[in-house]
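Asker: This structure is in structure tokens; I'll ask about it shortly.
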Amino acid sequence: MLETWPIRHGIIEDWDLMQRFMEQVIYKVLRAEPEDHYFLLTEPPLNPPENREYTAEIMFETFNVPGLYIAVQAVLALAAPWSSCSKEERVLTGTVVDSGDGVTHVIPVVEGYVVGSCIKHIPIAGRDITTFIQYLLRERETNIPPEMSMEVAKQIKERYSYVCPDLPKEFAKYDSQPDKWIRPHVVPKTAKYPEFTVDVGYERFLGPEIFFQPEFVNPDFTTSLSDVIEEVIQSSPIDARRGLYGNIVLSGGSSMFKHLSRRLQRDMKQIVDNRLRIAEEITGGRIKVRFIRPLPHLHILLINKALLFGSERFNRP
Numbered sequence: 001m002l003e004t005w006p007i008r009h010g011i012i013e014d015w016d017l018m019q020r021f022m023e024q025v026i027y028k029v030l031r032a033e034p035e036d037h038y039f040l041l042t043e044p045p046l047n048p049p050e051n052r053e054y055t056a057e058i059m060f061e062t063f064n065v066p067g068l069y070i071a072v073q074a075v076l077a078l079a080a081p082w083s084s085c086s087k088e089e090r091v092l093t094g095t096v097v098d099s100g101d102g103v104t105h106v107i108p109v110v111e112g113y114v115v116g117s118c119i120k121h122i123p124i125a126g127r128d129i130t131t132f133i134q135y136l137l138r139e140r141e142t143n144i145p146p147e148m149s150m151e152v153a154k155q156i157k158e159r160y161s162y163v164c165p166d167l168p169k170e171f172a173k174y175d176s177q178p179d180k181w182i183r184p185h186v187v188p189k190t191a192k193y194p195e196f197t198v199d200v201g202y203e204r205f206l207g208p209e210i211f212f213q214p215e216f217v218n219p220d221f222t223t224s225l226s227d228v229i230e231e232v233i234q235s236s237p238i239d240a241r242r243g244l245y246g247n248i249v250l251s252g253g254s255s256m257f258k259h260l261s262r263r264l265q266r267d268m269k270q271i272v273d274n275r276l277r278i279a280e281e282i283t284g285g286r287i288k289v290r291f292i293r294p295l296p297h298l299h300i301l302l303i304n305k306a307l308l309f310g311s312e313r314f315n316r317p
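Laid out in structure tokens, this is it:
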């Protein structure tokens, strides 16, 4: 059966399919009567106004909901840690890296307002990682049925994948101790196929690596996630940049890879330190501030006059 998605790269493309999906979620998953509940929906940044209007039309006219609020995902992501911090620590300024199945957005939020002109999106997300793992498995494994390859790749991504700190060293680890790092993944039997096992090796770290080396899957896009975050913050208002650097929040299912935040923090620190070093070299080092204690007021004018009269400029013919 051919799989289709109503949403592609964060934007709804098939409204009929989307409405059927909403019906499944409300009636079969939530098991709720929409007429009895208020609904909170989230939308990606820069969502076209027509999409929001059509979503509201479906919710009110098809499902007869009594109330609806559509919020921007990034603002809610910043508010997520509030339950574990004091009121003084609750801020709505920060940079949100929202990575889902179809698209990854980097969104600056200042005092609860999205800086729309500075948003950037990356055409790399969960589905691309799954497809890349599927490709790697197809190149190496021969016992995976073609119609099951996507599902097997998704299972491997969700169970075994992580972000490595250094790609060459990670390859060396697997080559030197394969028994320690290669994981056997058991695929249960189905009505059509018996149970089989897939060895999961390089795929564990190569999948999420496309966040940092997107040219692996998209030759037209070569900017790493760390560089995009830096570009977004540097294009934001200068008085908000300290807060944007100090509160970078990861959200979305594709941000849950182990060690992703650690790798991003290391790369961001290197980028910022390098930029400050270059700025110091261009300006001749850090600016030195020196105060000169003034002479008593009665004598300072006389001394200044004497220096002026004795200077070459004053005596020049």
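200 is the number that UniProt numbering gives to position 200 of the sequence shown; each next residue is one higher, with no gaps.
For glycine and all other residues, C-beta sits at the position ideal for the given N, C-alpha and C.
1. Sort A32, A56 and Y162 by Cα distance to W15 and report the nearest one.
2. By the three-class DSSP mapping on this structure, what secondary structure does D166 have?
3. Buried or exposed: P194, going by 16 or more other Cβ atoms within 10 Å of its Cβ?
4. Out of L260, F211, L206 and G243, state which residue places its alpha-carbon closest to the alpha-carbon of G94.
5. Between T223 and F171, what straight-line distance do the alpha-carbon atoms span, to the nearest angstrom?
6. G116 and G252 look like a contact to me (Cβ under 8 angstroms); what is the Cβ gap, rounded to whole Å?
7. I'd like the span of the beta strand (DSSP E) that includes D98, first residue to last.
8. Between which two residues does the beta strand (DSSP E) harbouring D273 extend?
9. Where W181 and T197 are concerned, what is the direct C-alpha to C-alpha distance, given to the nearest angstrom?
10. Taking only runs of the beta strand (DSSP E) that begin and end inside the segment 201-252, which ones reach a length of at least 3 residues, in chain order?
11. Using three-state DSSP, classify D179 as helix, strand or coil.
12. Evaluate C164 with the Cβ neighbour count: other Cβ atoms within 10 Å of its Cβ, from every protein chain shown; 16 or more gives buried, anything less gives exposed.
13. Quick check on the DSSP output: the beta strand (DSSP E) that includes P34 runs from which residue to which?
14. Nearest by alpha-carbon distance to V96: which of V109, K169 and S176 is it?
15. Can you give me the C-alpha to C-alpha distance between E147 and V91, rounded to a whole angstrom?
16. Taking only three categories from DSSP, how would you classify T4?
17. Please report the straight-line C-alpha distance between I233 and Q155, rounded to a whole angstrom.
18. If you count every other CB in all the chains shown that lies within 10 Å of the CB of D199, and 16 or more means buried, which is it?
19. Can you tell me the Cβ-Cβ gap for V217 and D98, rounded? I've got them flagged as a contact below 8 angstroms.
20. Hey, quick one: how far does the alpha helix (DSSP H) through I129 stretch, first residue to last?
21. Over what stretch of residues does the alpha helix (DSSP H) that includes A153 continue unbroken?
22. Could you name the residues of the same chain whose beta carbon sits closer than 8 angstroms to that of N247, not counting the 5 residues immediately before and after it, in chain order?
23. Mind checking whether V25 and V75 have CB atoms under 8 angstroms apart?
24. Hey, quick one: how far does the alpha helix (DSSP H) through Y69 stretch, first residue to last?
25. How should I144 be labelled, buried or exposed, when 16 other C-beta atoms within 10 angstroms of its C-beta is the threshold for buried?
26. Go to P49, then tell me how far its alpha helix (DSSP H) extends in each direction, as first and last residue.
27. Looking only at its chain, what residues have a beta carbon closer than 7 angstroms to the beta carbon of F21, apart from the 5 residues adjacent to it on each side?
Answerer: Once the coordinates are examined:
1. A56
2. coil
3. exposed
4. G243
5. 23 angstroms
6. So it is not a contact: roughly 19 angstroms between Cβ atoms.
7. G94 to S99
8. First-last for D273: L260 to I282, but that is the alpha helix (DSSP H), not the beta strand (DSSP E).
9. 16 angstroms
10. 248-251
11. helix
12. buried
13. Here P34 belongs to no beta strand (DSSP E), and DSSP marks it neither H nor E.
14. V109
15. 47 angstroms
16. coil
17. 34 angstroms
18. exposed
19. Rounded, the Cβ-Cβ distance is 20 angstroms, inconsistent with contact.
20. G126 to R140
21. S149 to Y160
22. L78, V91, T93, G94 and T95
23. no
24. That residue, Y69, is in no alpha helix (DSSP H); its beta strand (DSSP E) goes L68 to V72.
25. buried
26. P49 to E57
27. P6
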